[in-house]
Ligand SMILES: C[S@@+](CC[C@H](N)C(=O)[O-])C[C@H]1O[C@@H](n2cnc3c(N)ncnc32)[C@H](O)[C@@H]1O
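Residue numbers (the working numbering): 1 to 242.
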């Protein structure tokens, strides 16, 4: 595509199996949380929203054990592709945090911590009936080592990051139902990698990780199984625009 940007419209396992050993510095990714089955019997707006947007998205409605099998393949390839002391950040549902930590540890990753992304303006869905969800966990791992790149420049960095949800200005090329804001990805890219490093997102959705990586002078490899979202990510990343 260009020697610093490689984008694939395919199943990430298939593509990851072809990437060379020890070639990636940071994996920053947001895979399907596999909560489709959990939501299935709940007659909520959220359930309807999931049906409308997630059909065919892959890995979200799977049986838990099938999902674990897929995630195991992901971790085996991630361990091989990442450099020694490379970093993996994975967004994940709180329901699945323990399963993911166990998988990562058995495939050669050192578990550092679980942090929180807090949304300052979440959708106030059914706000008079219950607590409105405003946070998503992210898990922090190091490959074959205990510490990796951490560019804090002497500043205290908390396991908590707060931003607004993705602004409309970042959706001018099209929408993705779980699109993350660029400032959120900038936080991890700048702290956990250096200019010239290679960043991989195997579940790139609308390509937010790629937009951040390229605008911060990193090389980027992105994979997306849906053709619609692959095209959207390509438009966003190649225009180097939010
Ligand atoms: C949670 S979304 C990522 C959203 C992204 N962070 C953004 O800001 O737009 C996960 C994406 O993974 C894709 N996906 C699911 N299974 C996949 C697979 N096996 N290989 C590649 N992509 C996959 C889905 O189509 C979906 O777009």
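Where is the CB? At the ideal position from N, CA and C, for every residue including glycine.
As a beta-bridge residue in DSSP terms, residue 161 pairs with 117. Inclusion of residue 183 and residue 163 in the CB contact set at 8 Å is warranted, their separation being smaller than that value.
Ranked by Cα distance from residue 139, the first of 186, 213, 96 and 106 is 96. Counting only runs of 4 or more residues that sit fully inside the region 114-202, the alpha helix (DSSP H) segments are 182-192, in chain order. Taking a contact to require three or more Cβ pairs closer than 8 Å, the region 58-77 and the region 129-136 do not qualify as touching.
Residue 79 is positioned such that its CB atom lies closer than 8 Å to that of residue 108. In its chain, beyond the 5 residues on either side, 81 have a beta carbon closer than 6 Å to the beta carbon of residue 19. Nearest to residue 25 by C-alpha distance, out of 214, 224, 204 and 199, is 199. For residue 70, the enclosing alpha helix (DSSP H) covers residues 64-81. Distance check between residue 23 and each of 154, 196, 125 and 2 places 196 closest, using alpha-carbon atoms only. CA-CA distance, residue 191 to residue 148, rounds to 10 Å.
About 7 Å separates the beta carbons of residue 165 and residue 122, which is inside the 8 Å limit, making them a contact pair. As computed with DSSP, residue 107 is found in no beta bridge at all. Beta-carbon to beta-carbon, residue 205 and residue 176 are separated by about 5 Å, close enough to satisfy the 8 Å threshold.
Between the region 222-230 and the region 152-163, the count of C-beta pairs closer than 8 Å stays below three; the two stretches do not touch. Within its own chain, the residues whose Cβ lies closer than 7 Å to the Cβ of residue 213, once the five positions on either side in sequence are excluded, are 189, 199 and 220, listed in chain order. Beyond the five residues adjoining it in sequence on each side, residue 9 comes within less than 7 Å, by CB distance, of 224, 227 and 230 in the same chain, given in chain order. Residue burial annotation: residue 127 is exposed, with fewer than 16 other C-beta atoms found within 10 angstroms of its C-beta. Secondary structure at residue 98: helix, using DSSP grouped into helix, strand and coil.
Taking the Cβ of residue 173 as the reference point, every heavy atom of ligand 1 lies at 7 Å or farther away.
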